[in-house]
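Just so we're aligned, residue 3 is where the sequence shown starts under my numbering, counting upward by one.
Don't be surprised by glycine CBs; every beta carbon is placed ideally from N, CA and C.
Since the structure is predicted, the reported quantities are computational estimates derived from the model, not experimental observations.
The block underneath contains the structure these notes are about, expressed in structure tokens.
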Amino acid sequence: MTRRESFRRSSRIRRPAEFKHTFAHGLRVRSGPFLAVFMPVSGEPRLGTAISKRHAPQAVERNRIKRQLREHFRAQRLQLPRVDCVITLISSTVKSHNSELRAHLGSLWLRVQAKCSTCLSS
3 MTRRESFRRS SRIRRPAEFK HTFAHGLRVR SGPFLAVFMP VSGEPRLGTA
53 ISKRHAPQAV ERNRIKRQLR EHFRAQRLQL PRVDCVITLI SSTVKSHNSE
103 LRAHLGSLWL RVQAKCSTCL SS
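Below, the structure is given as structure tokens:
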């Protein structure tokens, strides 16, 4: 894995104020159990995750979902628009396999790209 492909600290949304700002002012798209709230930015794309115990009660499940989110973001980062994106669960995924999660994430990124291109062109 090269440096460009890694999931660096600068690729993460870390501060609570950044999460709040994105949730308050961002655009929303949904795919399967995921909701993406994103805002166009001038820098590189960044990812934040907000996986609650309500939809993934076990820590093992929450960590598995976050790992899939990070890995999919890392692999797609160069194709993504410049956005700060917070992804959260809006329904339970306890019985979802990793392949299903990846399919939903692929669809989610396509929707983010489509909505971002329309919001930037208007």
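Straight-line gap, residue 42 to residue 31 (C-alpha atoms, nearest Å)
When only Cα atoms are considered, residue 42 and residue 31 end up about 14 Å apart.
C-alpha gap between residue 60 and residue 76, whole angstroms
Each residue's alpha carbon lies about 24 Å from the other.
Does the Cβ of residue 67 have 16 or more other Cβ atoms within 10 Å, making it buried, or fewer, making it exposed?
By the C-beta density criterion, residue 67 is buried, having at least 16 other C-beta atoms within 10 angstroms.
Please give me, in chain order, every unbroken run of the alpha helix (DSSP H) with length at least 4 that falls completely inside the stretch 10–50.
As far as the stretch 10–50 is concerned, its whole alpha helix (DSSP H) runs of at least 4 residues are 18–27.
With 16 as the cutoff for other CB atoms within 10 Å, does residue 89 come out buried or exposed?
The residue in question, residue 89, is buried, as its Cβ has 16 or more Cβ neighbours within 10 Å.
Note down the Cα distance separating residue 38 from residue 53, rounded to an integer number of angstroms.
In this structure, the CA atom of residue 38 is about 12 Å from the CA atom of residue 53.
Do residue 49 and residue 72 have their C-beta atoms closer together than 8 Å?
Taking 8 Å as the Cβ cut-off, residue 49 and residue 72 qualify as a contacting pair.
In the structure shown, what three-state DSSP assignment does residue 82 receive?
Three-state DSSP puts residue 82 in coil, outside helix and strand.
Status (buried if at least 16 other CB within 10 Å, exposed otherwise) for residue 56
Around the beta-carbon of residue 56, fewer than 16 other beta-carbon atoms lie within 10 Å, marking it exposed.
Is residue 52 helix, strand or coil by DSSP?
Residue 52: strand per DSSP, three-state reduction.
Beta-carbon proximity of residue 87 to residue 47, cut-off 8 Å:
Contact flag set, yes.
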